[in-house]
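Since the structure comes first, as structure tokens, the remarks are kept for the end.
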Amino acid sequence: MPATIVIEILTKNDCCLCDDIKEVVNRVLPDYPAKLVMTDIESDPTLHKKFKERIPVLKINGIESFVYKTNETTLRHKLDRLKQEIL
């Protein structure tokens, strides 16, 4: 079974920046051995307290990689490096 990159987006309802970062991730996701995990911070009081003013947060393999926004080029660059490491 090939290694997989885990992309997690910490999000909440009615968040325009969250929608933007999801669009970027959805455009690049098919090109990588990756899976997307969406985490709603409003369903977890601890996460809500920690991230309520910092949403969205994009984690790659558990590491906070982007806060508020990213673009396709920057995300692809980061994922390309990870893809080389796992192949």
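For the sequence shown, the working numbering gives the first residue as 2, with consecutive numbering after it. Even for Gly, the Cβ is constructed at its ideal location relative to N, Cα and C. Given the structure is predicted, the values throughout are model-derived calculations rather than measurements.
Query	Result
Same chain only: Cβ atoms within 7 Å of isoleucine 64, ignoring 5 sequence neighbours per side	none
Neighbour-count burial assignment, proline 34, 16 or more Cβ in a 10 Å radius	exposed
Sufficient close CB pairs (3 or more, under 8 Å) joining the stretch 37 to 47 to the stretch 64 to 75	no
Aspartate 100 - DSSP class collapsed to helix/strand/coil	Outside the shown range of the chain, which is 2 to 88, sits residue 100, and nothing can be said about it.
Residue span of the alpha helix (DSSP H) that contains lysine 60, given as start and end	Segment 58 to 61 is the beta strand (DSSP E) holding lysine 60; no alpha helix (DSSP H) there.
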